[in-house]
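> The numbers in the numbering used here rise by one with no breaks, and the one at position 170 of the sequence shown is 220. Even glycine gets a Cβ: it sits at the ideal position worked out from N, Cα and C. Quick caveat, the model's predicted, so the values are computed rather than measured. Mind having a look at this structure? Questions to follow.
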Amino acid sequence: MNDPVLYLKQDKIGKTGSKDIIQKYFHLVNQNESEEVTIIDIGCGPGNVTHDTLMPLFKNPIRKVVGIDVTEKTIKFANATYGNEKLSFEVLNIGNVVPEKYISFFDYVFSFSALQWIRDQRQLFLNINKIMKPNGQMLFSFVAQTILYDIFQSVWRRPEYAPYITDFYLAQSIFQKSKEPVKEFRAILENAGFEISMIKLEEINAKNRSLIDFKEFFASLNPYYNKMPDHLKENFMLHHLEQVQRDAEVEGPNNYYMKFNMFVVYAKKK
51 MNDPVLYLKQ DKIGKTGSKD IIQKYFHLVN QNESEEVTII DIGCGPGNVT HDTLMPLFKN
111 PIRKVVGIDV TEKTIKFANA TYGNEKLSFE VLNIGNVVPE KYISFFDYVF SFSALQWIRD
171 QRQLFLNINK IMKPNGQMLF SFVAQTILYD IFQSVWRRPE YAPYITDFYL AQSIFQKSKE
231 PVKEFRAILE NAGFEISMIK LEEINAKNRS LIDFKEFFAS LNPYYNKMPD HLKENFMLHH
291 LEQVQRDAEV EGPNNYYMKF NMFVVYAKKK
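Here's what the structure looks like:
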């Protein structure tokens with residue numbers, strides 16, 4: 051994430067309905083109201099969903115909530131804005147590293163619109179399993195398939211930008227081209243040691259968006275925006291917007307929307 055303030059402004063696109071997902075499916079989460087609990091939000095971004103949406107839903111006394119993200123600037127913003135004695139944020143890529151202090155530590159794992167960034171899904175969910183207590187619960191969603199990835203590919207492979215792109219698939223879910231994404235993902239989760247109560251694809255629409263909205267969204271989230279030389283940044287954004295005009299759905303003048311097929315999963319550690 052390049053700019054947490056700008057990202058919050060375009061939250062409906064960036065988090066692709068995470069608050070709606072939480073409101074719709076949080077009832078699946080079992081709570082023992084007498085015990086203190088530990089919670090982690092993976093890919094917490096600027097921390098607003100962790101603080102404003104997740105924490106108020108818990109009837110249990112909360113011992114500790116940890117939000118993790120890979121971007122130092124974002125974590126500094128989250129701690130400054132939302133951090134308190136029970137809620138803290140730290141830089142951590144759980145796909146790569148499992149800190150000793152978090153092994154078998156968390157009762158609840160949440161993540162919304164973040165896990166698609168991690169290519170090695172098998173290792174990711176093995177690591178998530180390690181940080182959960184026995185019978186720990188997990189509710190998460192992330193983008194499985196969307197035309198947004200095709201927009202990225204179209205722009206990033208242009209000859210003027212390609213030399214600055216180190217990984218053309220960085221922002222793309224490994225399930226983008228899958229014919230049976232649910233079946234494939236179910237196998238990954240089961241092999242990682244999870245008992246799945248619900249796994250589904252749900253279509254989310256980011257509606258009523260202008261081209262300015264999309265420009266701010268791309269500037270806040272696009273991993274290669276800040277890697278472009280200054281003389282290319284504006285055209286880099288404009289070429290993304292040209293692809294939006296070609297590929298996104300249109301409901302009226304300067305009124306675009308984009309579809310996201312989201313995995314929604316509720317599972318427990320076996």
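LYS331: which of ASN285, ALA269, ALA242 sits nearest, CA to CA?
Residue 331 lies beyond the range of the chain shown here (51 to 320); nothing can be said about it.
> Might you give, ordered along the chain, the residues of its own chain that have their beta carbon closer than 6 Å to the beta carbon of ASP157, omitting 5 neighbours on each side?
Only VAL87, THR88, LYS183, GLY186 meet the Cβ criterion.
> Flag this pair as touching only if the stretch 104–123 and the stretch 218–237 have three or more C-beta atom pairs under 8 Å; answer yes or no.
Verdict: no, contact absent.
> Going by DSSP, name the residue or residues bridged to GLN195.
For GLN195, which the question treats as bridged, DSSP gives the partners ASN311.
> Verify whether the separation of the beta carbon atoms of ILE153 and LYS180 is less than 8 Å.
It is a contact, given that the beta carbons lie within the stated cut-off.
> On the CB-based measure, 16 or more other CB atoms within 10 Å of its CB, does ILE63 come out buried or exposed?
Legend: pLDDT at ILE63 = 47, less than 50; position of this residue unreliable, value from coordinates given subsequently. With 16 or more other Cβ atoms within 10 Å, it is buried.
> What first and last residue would you give for the alpha helix (DSSP H) that runs through GLU140?
Unbroken run through GLU140 is the beta strand (DSSP E), 137–141; no alpha helix (DSSP H).
> Hey, is the stretch 304–320 in contact with the stretch 244–256, meaning 3+ C-beta pairs nearer than 8 Å?
With a cut-off of 8 Å, the stretch 244–256 and the stretch 304–320 count as touching, because enough Cβ pairs lie within range.
> Measuring alpha carbon to alpha carbon, tell me which residue in GLU85, ILE197, GLY97 is nearest ARG113.
It is GLU85 whose Cα lies nearest to the Cα of ARG113.
> Note down the Cα distance separating TYR132 from VAL115, rounded to an integer number of angstroms.
Taking the straight line from one Cα to the other gives about 11 Å.
> Looking at LYS69 and THR124, is the spacing between their C-beta atoms short of 8 Å?
Taking 8 Å as the Cβ cut-off, THR124 and LYS69 do not qualify as a contacting pair.
> Comparing alpha-carbon positions, which option in GLU140, GLN81, PHE190 lies nearest ILE72?
For the residues GLU140, GLN81, PHE190, the minimum Cα distance to ILE72 belongs to PHE190.
> Alpha carbon to alpha carbon, how far is LYS250 from GLU230?
Going by the C-alpha atoms only, they are around 11 Å apart.
> Considering only residues of the stretch 203–269, which uninterrupted alpha helix (DSSP H) runs meet the minimum length of 4 residues and lie entirely inside it, listed in chain order?
You should have 231–241.
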